[in-house]
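K.L.:
Offset between the sequence shown (1-based) and the numbering used here: plus 3. Handing you this structure, nothing more for now.
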Amino acid sequence: MTRIVFGTSGWRGILCEDFTFDNVKTVVQAIADNIKAAGEQDKGVVIACDTRFMGQRFVEASASVLAGAGIKSFLCERDTPTPVISFEILRRKAAGGINFTASHNPPEYNGVKFSPSWGGPALPETTRDIERRANEMLGKACYKEPSVAEATQNGLLEYIDPQQEYLKALEQKVDFDVIARLGKVALNPLYGTARGYLDAPLRQRNIPFVMINDRPDPYFGGHPPEPSESHIPDFISLVKGDADIKLGLATDGDADRFGILDADGSFIEPNYIIALLLDYLIRVRRLEGGVARSVATSHLIDAVAKKHGVPVYETPVGFKYIGELISQDKIVIGGEESAGLTIKGHVPEKDGILACFLVAEMVAREGKTVREQLERLYGQVGRFVTRRDNLQLSPELEIAYAAKINAVPAEVAGTKVADVIRIDGTKLLMEDGSWMLFRKSGTEPVVRLYGEAGNEARLAELMAAGRQFILN
Numbered sequence: 004m005t006r007i008v009f010g011t012s013g014w015r016g017i018l019c020e021d022f023t024f025d026n027v028k029t030v031v032q033a034i035a036d037n038i039k040a041a042g043e044q045d046k047g048v049v050i051a052c053d054t055r056f057m058g059q060r061f062v063e064a065s066a067s068v069l070a071g072a073g074i075k076s077f078l079c080e081r082d083t084p085t086p087v088i089s090f091e092i093l094r095r096k097a098a099g100g101i102n103f104t105a106s107h108n109p110p111e112y113n114g115v116k117f118s119p120s121w122g123g124p125a126l127p128e129t130t131r132d133i134e135r136r137a138n139e140m141l142g143k144a145c146y147k148e149p150s151v152a153e154a155t156q157n158g159l160l161e162y163i164d165p166q167q168e169y170l171k172a173l174e175q176k177v178d179f180d181v182i183a184r185l186g187k188v189a190l191n192p193l194y195g196t197a198r199g200y201l202d203a204p205l206r207q208r209n210i211p212f213v214m215i216n217d218r219p220d221p222y223f224g225g226h227p228p229e230p231s232e233s234h235i236p237d238f239i240s241l242v243k244g245d246a247d248i249k250l251g252l253a254t255d256g257d258a259d260r261f262g263i264l265d266a267d268g269s270f271i272e273p274n275y276i277i278a279l280l281l282d283y284l285i286r287v288r289r290l291e292g293g294v295a296r297s298v299a300t301s302h303l304i305d306a307v308a309k310k311h312g313v314p315v316y317e318t319p320v321g322f323k324y325i326g327e328l329i330s331q332d333k334i335v336i337g338g339e340e341s342a343g344l345t346i347k348g349h350v351p352e353k354d355g356i357l358a359c360f361l362v363a364e365m366v367a368r369e370g371k372t373v374r375e376q377l378e379r380l381y382g383q384v385g386r387f388v389t390r391r392d393n394l395q396l397s398p399e400l401e402i403a404y405a406a407k408i409n410a411v412p413a414e415v416a417g418t419k420v421a422d423v424i425r426i427d428g429t430k431l432l433m434e435d436g437s438w439m440l441f442r443k444s445g446t447e448p449v450v451r452l453y454g455e456a457g458n459e460a461r462l463a464e465l466m467a468a469g470r471q472f473i474l475n
């Protein structure tokens, strides 16, 4: 029988294999029991989905289970961005939110993401409790299921549209009057939830834009709905082919991640976007506070933080840890190399919509392309080059991995190891400021190798040494 396991972004599975209605209802009952144990059953739960297969059916099935547990549901009328669900949890002071999304995973996947009342992704103590409860109930149908009509009649189900309230709040975080000076913008919601969110503020102000992939498609046009360089060739061609376009803005399927194309159609790595926005928010917006980044994210961010004299919080991978720091009002911005960020005063969740518009504001106000601003920043704090590789492990290497990673070398590629950090995986900090990180996948025989150095040649040496250390 399938075992329910919550990863960094909830429980995910393949439709009809482990992601079934019975298993989903069991997980939702476990969430209901967790909410009751916290004494928050009277606050209600926001429920929504992305554009994947059967999303709305899963939403309504969840509402039935919650109604059976005596908990009211606020059902979003259409597929909804993940950050909007977070916003609505906070706005309604709800007990939490249940989101049916597998984010940037391929179409055959779906997932359940639970966000508790503070609005961010559930922390490990919460997901462990839900896991335990769900696995104890699997296969036992330990839930009641009144119909949607019955739940509505009993006041336990209400349909909502959070779009306008979210967009109104977004106007307090982004200066759209400045964006209006930018010129033509290209938008790409990747067949996901950001349609009506990326375009509406521009349309309202008559800002010229062109948008592609703006209809819901469970197949996401044949690509995983991830706004990375390899998955948006049509978008790159569009921006390259139109000299009037000043910026390309993309979001993933549930709009919590972002992808940025410069005016020439070149893809800008998320690491660099986070660093640029940190500098912009402190230098231009005058926001006060530190910065949070995951252990796998570029130290260019640290260099910018040092320039401004603000603290850096290094977290395990998983936006829940950054969201917690946002909730505690400790940071100006928090981000991950996987294209997630949020800022001070906003939701404690990744927001690709916000990220796109902040970059648009920055480019419009500074009057320079993203690449020009990045080169300017390099001139101030130094250059950083990053890479990530996936290393496949044989059965023998997988067995040997734990012992090997616990006996890290004193020197790598001719440079001494200055420190070892083990908050998530094993990270080696070199004396010359370069670093590498080894993180083993929890679901497959793969080690993710991250590296960063001051130039491509040094990075190549570092990555080669990392590969040799793991695979030989």
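Beta carbons are placed, not taken as given, at the ideal position from N, Cα and C, and that holds for glycine. Please read these numbers as outputs of a predicted model, since none were measured by experiment.
Quick one, which of Ile426, Ile210, Tyr162 has its alpha-carbon nearest Glu317's?
P.N.:
Of the candidates Ile426, Ile210, Tyr162, the one whose C-alpha sits nearest the C-alpha of Glu317 is Ile426.
K.L.:
Can Gly348 and Lys116 be called in contact, C-beta distance under 8 Å?
P.N.:
The answer is no: Cβ separation not under 8 Å.
K.L.:
Considering only their Cβ atoms, is the gap separating Arg374 from Ser269 smaller than 8 Å?
P.N.:
It is a contact, given that the beta carbons lie within the stated cut-off.
K.L.:
Who are the Cβ neighbours of Leu432 in its own chain at under 6 Å, not counting the five residues just before and after it?
P.N.:
Answer for Leu432: Ala421, Asp422, Trp438, listed in chain order.
K.L.:
How do the stretch 84-103 and the stretch 120-131 stand: do at least 3 beta-carbon pairs fall below 8 Å, yes or no?
P.N.:
The answer is yes - the stretch 120-131 touches the stretch 84-103, with three or more Cβ pairs under 8 Å.
K.L.:
For the beta strand (DSSP E) containing Glu339, name the first residue and the last one.
P.N.:
334-339 is the span of the beta strand (DSSP E), which, as asked, contains Glu339.
K.L.:
To the nearest angstrom, how far is the alpha carbon of Lys323 from that of Ile329?
P.N.:
Near 10 Å, if we compare the C-alpha coordinates of Ile329 and Lys323.
K.L.:
Pull up the distance between the alpha-carbon of Thr429 and that of Lys419, whole angstroms please.
P.N.:
Rounded to the nearest angstrom, the two C-alpha atoms are 16 Å apart.
K.L.:
Considering only residues of the same chain and omitting the five flanking positions on each side of Tyr404, which have a CB-CB separation below 8 Å?
P.N.:
So the qualifying residues of the chain are Leu396, Lys443, Val450, Ile473.
K.L.:
Is it the case that the Cβ atoms of Ala258 and Thr85 are separated by a distance below 8 Å?
P.N.:
A contact, by the Cβ cut-off of 8 Å.
K.L.:
Could you spell out the range, first to last residue, of the beta strand (DSSP E) harbouring Lys116?
P.N.:
Its beta strand (DSSP E) spans residues 112-119.
K.L.:
Out of Gly312, Leu361, His226, Arg135, which has the shortest C-alpha to C-alpha gap to Arg288?
P.N.:
Taking only the C-alpha atoms, the option nearest Arg288 is Leu361.
K.L.:
Rounded to whole angstroms, how far is the Cβ of Arg15 from the Cβ of Ala105, which I believe are closer than 8 Å?
P.N.:
Indeed, because the Cβ distance is near 5 Å, the residues count as touching under 8 Å.
K.L.:
Taking only the alpha-carbon atoms, compute the straight-line gap between Ala456 and Gly382 and give it to the nearest angstrom.
P.N.:
Roughly 16 Å separates the two Cα atoms.
K.L.:
With C-beta atoms as the reference, is Asp53 less than 8 Å away from Gly256?
P.N.:
Contact: yes.
K.L.:
Report the start-end ranges of each alpha helix (DSSP H) in the stretch 288-364 that is 4 residues or longer and not cut off at the edges.
P.N.:
Listed in chain order, the complete alpha helix (DSSP H) runs (minimum 4 residues) inside the stretch 288-364 are 303-311, 322-330.
K.L.:
Phe22: which of Arg470, Val68, Glu139, Met57 sits nearest, CA to CA?
P.N.:
Ranking Arg470, Val68, Glu139, Met57 by Cα distance to Phe22 puts Met57 first.
K.L.:
With a threshold of 6 Å on Cβ separation, who are the neighbours of Ala416 within its own chain once the five nearest residues in sequence on each side are excluded?
P.N.:
Around Ala416: Glu464, Leu465, Ala468.
K.L.:
Name the two residues that bound the continuous beta strand (DSSP E) containing Gln395.
P.N.:
Note, Gln395: beta strand (DSSP E), 388-395.
K.L.:
With distance defined between alpha-carbon atoms, name the residue in Gly293, Leu264, Ser65 nearest to Ala480.
P.N.:
Residue numbering for the chain in the displayed model covers 4 to 475; residue 480 lies beyond these limits and cannot be assessed.
K.L.:
Around the Cβ of Phe24, are there at least 16 other Cβ atoms within 10 angstroms (buried) or fewer (exposed)?
P.N.:
Its Cβ having fewer than 16 others within 10 Å, Phe24 is exposed.
K.L.:
Strictly by DSSP, which residues pair up with Arg442?
P.N.:
Paired residue(s): Arg451.
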